[in-house]
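A.B. asks: Residues in the sequence shown are numbered from 1 upward in steps of one, following UniProt numbering. Where is the CB? At the ideal position from N, CA and C, for every residue including glycine.
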Amino acid sequence: MTEDMMNLRSLVEKSADADLLREMIGFAAEKLMALEVSTKTGAGYGEKNSFRLA
């Protein structure tokens with residue numbers, strides 16, 4: 001999470017308003033999609049389990 005906040009801070013420092021808004025929405029959407037996938041699959045990002053085939 002700290003790395004994400006640092007990336008967001010560096011993005012804020014170098015972007016114009018429209019670009020900033022677009023990137024912030026994309027950032028939030030990506031995190032929400034990852035959360036939804038991990039909830040549906042029962043596994044976190046990069047988590048391995050020998051019981052899953054895919």
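How many Å lie between residue 23 and residue 45 at the Cα?
C.D. replies: Here residue 23 corresponds to residue number 23 of the sequence shown, with the count starting at 1. Here residue 45 corresponds to residue number 45 of the sequence shown, with the count starting at 1. Each residue's Cα considered, the two are about 21 Å apart.
A.B. asks: Which residue from 8, 41 and 39 puts its Cα closest to that of residue 25?
C.D. replies: Against the sequence shown, residue 25 aligns to sequence position 25. For the residues 8, 41 and 39, the minimum Cα distance to residue 25 belongs to 8.
A.B. asks: So, with DSSP's three-state summary, where would you put residue 43?
C.D. replies: Position 43 of the sequence shown holds residue 43. Coil, per DSSP.
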